[in-house]
Every structure is written in C-alpha cells, then in structure tokens.
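**Student:**
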Amino acid sequence: MTAIPHHRTAGQAGPTTVAQAMRPAELRIDTNTMVDKAIDIIHAADVDHVILHAEDGRCLGIVRRAQLAPYQTRSWYTARTPIGNITHDRGPFARPEMPAIEALATMRARGMRVWAVTDEAGRAVGLLTPDALRAVLAGTRSPLSAAA
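Everything in the sequence shown is counted per our numbering, starting at 79 for the first residue and increasing by one.
1. Could you check where the alpha helix (DSSP H) with histidine 121 kicks off and where it finishes?
2. Does the distance from the C-beta atom of asparagine 110 to that of proline 148 stay below 8 Å?
3. On the CB-based measure, 16 or more other CB atoms within 10 Å of its CB, does aspartate 209 come out buried or exposed?
4. Compute the Euclidean distance between the alpha carbons of valine 141 and glutamine 150, then round it to the nearest angstrom.
5. Per DSSP, alanine 97 is paired with what?
6. Starting from aspartate 108, trace the beta strand (DSSP E) both ways and give me its first and last residue.
7. When the Cα atoms are used, what is the spatial distance from glycine 135 to threonine 196?
8. Is arginine 143 helix, strand or coil by DSSP?
9. Who does leucine 205 pair with in a DSSP beta bridge?
10. Should leucine 215 and alanine 178 be called a contact, given that it needs their Cβ atoms to be closer than 8 Å?
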C-alpha cells in the first residue's frame, strides 16, 4: 500500500482536512418520511444516498439506495413505514476539521463509500467519498473545486 502524503496548498497551515474534500449535503429526508416516498426521492434525484435527519436537524445517518432494494416492490408496508425504522448507516460522523488522511483510513477500514460530515451541533454539512479524499490528498482537486 502506498502512503499518501499530507498535501498543503499555498497559504494553508497544517494537513489537508475533510472540509477540503467534502461536497455539500443537499438532499435530506427526515425520519418520518415513508419508505415509498424515500424511494421516489432517491430515484427522482438519481442519487445513491440521502442524509437522514431528526426533526431538530441533527444528522442521524445516511440511507443508501441499496438499503432500499428490499422495499422496491410497493406494499402496504412501504406506504406506512417511516424511513427511520429501517436499516441505515449511522454515526459516528466525520468532522470538517478532521485530517483527510485519517478520514480516508477510517473509510477504508469500515468499507464506507460515503460518509456524512457534521458540525458541532450534529447537523450535516457535507458528504465525503474516498475518491474525493484521494484527489485532495494527491493535490488533483483544489479546495475551491471541492464544493462543485
């Protein structure tokens, strides 16, 4: 395995952080959203995951398209079951100030393809992927393009 060095950009103090690699966490659903509605949202947005949040805005985890596969055949169950009652990826979550190299190691160890990034209040502020972390660490993705 090749070690990835800490990458620094001009004017940046310290190692590369999660904040430089994350993208905004735009698509969110709350725990009371019914399973069939969550399936519709994921399909309509053509995404692989959505952030699951509590009524107070705190991030509870990520619901992935693959986790909804058993519910694709619509039934009374999908129309009456809140998404918060089914299996979803839960915390702990990454933090913006976390070193990118540490986040990448954590994602590898846990086999994660996406990881929620939360602020001090527990609200989702971004999403992280191993590819984005590797790109920032290798210097092929600038902090300004990280939000794109």
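For glycine and all other residues, C-beta sits at the position ideal for the given N, C-alpha and C.
Treat the numbers as computed from the prediction; the structure is a model and nothing was measured.
**Tutor:** Quick look at the numbers:
1. If you look at histidine 121, you'll find it in the alpha helix (DSSP H) that goes 113 to 123.
2. Cβ distance not < 8 Å, so asparagine 110 and proline 148 don't count as in contact.
3. Exposed, since its Cβ has fewer than 16 Cβ neighbours within 10 Å.
4. Taking the straight line from one Cα to the other gives about 14 Å.
5. Its beta-bridge partners do not exist; DSSP assigns none.
6. Counted as a single uninterrupted DSSP element, the beta strand (DSSP E) harbouring aspartate 108 occupies residues 106 to 108.
7. Taken atom to atom, the span from the alpha-carbon of glycine 135 to that of threonine 196 is near 11 Å.
8. Helix, per DSSP.
9. For leucine 205, which the question treats as bridged, DSSP gives the partners Arg101, Ala194.
10. In contact: leucine 215 and alanine 178 (Cβ atoms closer than 8 Å).
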